[in-house]
Amino acid sequence: MKELQHLNKYFLKYKKQLIIGTVITIIARIFLLFTPRYVREIFVVIEKYLKGGVSEQIVKEELTLVIVYIIGAALIAAIFTFFMRQYIINVSRYVEFDLKNEIYDQYQKLSLNFYKKNRTGDLMNRISEDVGNVRMYAGPAIMYSINTITLFVIALIYMFNEAPKLALYTVLPLPILSIVIYKLSKEIHNRSTIVQQFLSKLSTFTQESFSGISVIKAYGIEPQTSASFISLAGESKEKQINLAKVQAWFFPMMILLIGTSNLLVIYVGGMQYINGEIESLGTIAEFIIYVNMLTWPVATVGWVTSIVQQAEASQKRINEFLKLEPEITNLVETHTKITGDIAFNNVTFKYDDTNIQALNGVSFHIKEGETLAILGKTGSGKSTILDLIGRLYDIDGGSILINGIPIKEHNLTDLRNSIGYVPQDAFLFSDTIKNNIKFGNQEATDEDVFEAAKNAQVHKNIIKFNNGYDTVLGERGITLSGGQKQRVSIARAIIKSPEILLFDDCLSAVDTETEEKILKNLTKITKGKTSIIVGHRVSSAKNAHKIIVLDNGKIVQEGTHETLINVDGYYQHLYLKQLSETTSNTD
C-alpha cells in the first residue's frame with residue numbers, strides 16, 4: 006500500500022464527496038437489510054393464520070402492509086445506491102482525471118533524454134492502462150469495501166441476535182468462498198497481465214505494419230508479414246484461452262458455495278425448528294436471504310484484494326516517472342525580452358544515451374538580425390547546436406549566451422516562445438493543414454495562414470486538395486509528400502514571427518528551384534531576425550552573414566561564402582561538386 010499513498014492527496018481533495026458517499030452507502034445497506042426481516046414477518050403472519058390465531062382479513066391487511074414496507078425499503082435502498090455510485094465512482098473519475106494530468110504534465114517537463122530511453126508504447130500504457138487500474142482502486146474497490154463491511158456488520162448482528170447457532174453454520178462456507186475467489190482472482194490477474202502483454206505486442210506489430218505498408222509492398226514481403234502476424238495472433242489466442250479456462254471457474258465456484266450455505270441453512274434451521282429452538286420457518290427464509298446477500302460481498306473481498314494488488318503495481322510504475330526530476334528546469338521566474346544575439350563560448354556536449362561527443366569546444370557569435378549557416382557531414386553536430394539554443398539539453402562545458410546573458414538565466418518559456426523551429430524530420434499532427442500551420446500561432450487569421458504557406462511555397466499544393474486547407478492529414482502527415490511536409494513545417498515556424506528562426510536541413514526534400522524561391526522569401530521574412538540554417542547545400546548557405554563548417558563536433562572552417570569558396574577545404578569541395586552537378590543537369 007506504500008505506493009498508493011501517492012493518491013492520499015486526491016482523497017483529501019475529494020474528502021467531502023467520499024464522506025457523503027460513505028454515509029449514503031451505510032444508509033443504503035441498512036434499508037436493504039430490512040427485506041429479510043419483513044420476509045420473516047410474512048411467514049409469522051401466515052403461521053398465525055394456519056394455527057387459527059388471526060382472521061383472514063387481518064392476514065391480508067398485515068401482508069399488504071409488510072409488502073408495502075418491503076417495496077418501500079427496496080426503493081429507498083435503490084435510490085441511495087444510485088447516489089452512492091454517483092459520489093464514490095465519480096470521485097474515482099476525478100482522481101483518474103487528475104492523475105492523468107499530473108502524468109502528462111510530468112511528461113511535458115522531462116527532457117529529450119527521457120524519451121530516448123523510454124518507448125512510446127510504455128509511456129502510453131502508464132497513462133492509460135495503469136491509470137485505469139488505479140481508478141479501480143480509487144472507486145470500485147473503496148465502494149465495495151465499505152459496502153461489504155457495512156453489510157457484514159449489520160447482517161451478522163441481526164443473524165446472531167435471531168439464531169446464534171444457525172448464524173454460525175450460515176457463515177461457515179463464506180470464508181472458504183473468499184479464499185477461493187482470491188486465489189482465482191490472483192490467477193486471473195496473472196493471466197490477464199500476460200494477455201495484455203501479447204495484445205500490446207500485437208498492437209505494436211499491427212501499427213508498424215500499417216505505418217510501413219509502403220515499404221512492405223515495395224519489398225513484396227506481404228506473405229512473410231502475414232505469417233508473422235498469424236503466429237503472434239495464435240500465441241495471443243492461446244493466452245486468451247488460458248485466461249478463459251480460469252475465468253470459467255469463477256461463477257460455478259460461487260454458485261457451489263452459495264448452494265452449500267443454503268443447504269446448511271435449510272438443514273440446520275429445519276432441525277432447530279423441529280426441536281423448537283427457533284419459533285418460525287420465517288427465520289430460515291430470512292437466513293437464506295442473508296446468505297444470498299452476503300455471498301457477493303464476500304466474493305468481492307478476493308476481487309478487491311486483487312484490484313488493490315494490481316493498482317499498487319500500476320501506481321509503482323507511475324511513481325517511477327513521477328519521481329524523476331526533469332533535467333531541464335526553469336530556473337528564472339522573471340521575464341526578459343529576447344532579441345536574438347547568440348554566442349557559443351567553447352561549448353562541449355556529449356549525449357548520455359550514446360556517449361557520443363557531439364560538440365567539442367565550439368565557439369561562434371551571431372548578432373541580432375544576422376543569419377548563420379552551418380554545414381558539415383552527417384553526425385558532425387549541426388542539429389545539436391539548434392537543440393542547445395532551444396535548451397532541449399544543457400551543455401557539459403563552456404557557455405551559451407543569449408543577449409549576453411547565460412541561457413540558464415533566461416525564463417525557459419520566454420526563450421522557447423522566441424524561437425521558431427523547423428526540425429529535420431518534419432512532424433505534422435493528424436489534423437487539418439490549416440491547424441498544423443496555426444500550431445505556431447493559435448491567434449493567426451486565415452490570411453496569415455495563406456501568407457505563411459505562400460512564403461513556404463506550399464500554397465499552390467494545398468489548394469489543389471479537395472478540401473484545401475481543411476484537408477485532414479493522416480498519421481504524422483502521411484497524406485503529404487516529404488517536400489510538402491517540410492514546407493508546411495516551415496510555414497508553421499514563420500507564422501509565429503519569432504525573434505529566432507532555426508531551420509534544420511528543412512529543404513532537403515525539395516527541388517533546387519523550389520528551394521531558391523523559399524530561400525528568397527525567407528530572406529525577406531527573416532530581415533531583422535536572427536536565423537540559423539543547417540543544411541547540406543551551398544545554395545542554402547551562400548547568402549548567410551556567416552558560415553561555419555563542422556566536423557566531429559569541431560568548427561573546421563568559418564567565414565562568408567566569398568571567402569570560403571576560395572579556401573581549400575570542405576566548403577570549397579562541396580561548392581565545386583554541387584556546381585558541377587548543376588551544370589550537368591542543365592546540359
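Start counting the sequence shown at 6; every next residue gets the next number (the working numbering). Each residue gets a CB set at the ideal place from its N, CA and C atoms; glycine is no exception. As the structure is a prediction and not an experimental result, all values here were calculated from the model.
For residue i, which residues from the same chain have a beta carbon less than 7 Å from its beta carbon, with the 5 sequence-adjacent residues on both sides left out?
| i | result |
| --- | --- |
| F85 | I29, I32, A33 and F36 |
| K372 | D346 |
| Q362 | K355 and G558 |
| S285 | R45, F48, V49 and E52 |
| M141 | I312 and A316 |
| H370 | A348 |
| T528 | N548 |
| I199 | K244 |
| E240 | F203 |
Is residue i buried or exposed, if buried means 16 or more other CB atoms sit within 10 Å of its CB?
| i | result |
| --- | --- |
| T69 | exposed |
| M148 | buried |
| N460 | buried |
| A146 | buried |
| M276 | exposed |
| K387 | buried |
| M89 | buried |
| Y426 | buried |
| Y19 | buried |
| H464 | buried |
| G144 | buried |
| T389 | buried |
| P41 | buried |
| S190 | buried |
| V543 | buried |
| G287 | buried |
| A546 | buried |
| V220 | exposed |
| H340 | exposed |
| G57 | exposed |
| A3 | Residue 3 cannot be examined here, being either before or after the span of the chain that is shown, 6 to 592. |
| Y109 | exposed |
| D135 | buried |
From the DSSP output, read off the bridge partner residues of residue i.
| i | result |
| --- | --- |
| H415 | Answer is none; H415 lacks a bridge partner. |
| I379 | V539 and I553 |
| I32 | In the DSSP output, where bridge partners are listed per residue, I32 has none listed. |
| I323 | In DSSP, I323 forms no bridge with anything. |
| A348 | H370 and L406 |
| K20 | According to DSSP, K20 bridges with nothing at all. |
| K355 | Q362 |
| F508 | V427 and I538 |
Within a Cβ cutoff of 6 Å, which residues of the same chain sit near residue i, ignoring the five residues on either side of it in sequence?
| i | result |
| --- | --- |
| A431 | K490, Q491 and S494 |
| V561 | V554 |
| T310 | Y187 |
| V515 | G488 |
| N280 | none |
| A82 | A33, F36 and L37 |
| K27 | Looking at the sequence itself, residue 27 is Thr, so the reference to Lys does not match. These residues qualify, in order along the chain: I151. |
With a CB to CB cut of under 8 Å and the five nearest residues on each side skipped, what residues in its chain are close to residue i?
| i | result |
| --- | --- |
| Y174 | L269, V270 and V273 |
| Y74 | F39 and Y43 |
| G403 | F349, N350, N351, V352, T353, G366, V367 and S368 |
| L478 | L433, F434, S435, D436, T437, I438, N441, T484 and L485 |
| L524 | L512, S544, S545 and N548 |
**Q.** Complete alpha helix (DSSP H) runs within the region 237 to 320 (minimum length 4 residues, chain order)
**A.** 255 to 279
Q: Please specify which runs of the alpha helix (DSSP H), each continuous and at least 4 residues long, are wholly inside the region 42 to 127, giving them in chain order.
A: 61 to 114 and 117 to 122
Q. Which ranges would you report for the beta strand (DSSP E) in the region 527 to 569 if only whole runs of at least 3 residues count?
A. 535 to 539, 551 to 556 and 559 to 564
Q | Completely contained alpha helix (DSSP H) runs for the region 428 to 482, where each covers 4 or more residues | A | 438 to 443, 451 to 460 and 464 to 467
Q) Below 8 Å, can you find three or more Cβ-Cβ pairs linking the region 528 to 545 to the region 366 to 383? A) yes
Q) For the 8 Å Cβ check, are there 3 or more pairs between the region 149 to 160 and the region 298 to 312? A) yes
**Q.** Complete alpha helix (DSSP H) runs within the region 149 to 184 (minimum length 4 residues, chain order)
**A.** 169 to 176
**Q.** Validate contact between the region 391 to 400 and the region 412 to 427 using beta carbons, cut 8 Å, 3 pairs
**A.** yes
Q: Evaluate the contact criterion for the region 317 to 331 versus the region 403 to 423: three or more CB pairs, one atom per stretch, below 8 Å.
A: no
(Q) With three or more beta-carbon pairs closer than 8 Å as the criterion, would you say the region 251 to 266 touches the region 232 to 241? (A) no
Q: Examine the Cβ distances between the region 502 to 509 and the region 468 to 477 and report whether three or more of them are shorter than 8 Å.
A: no
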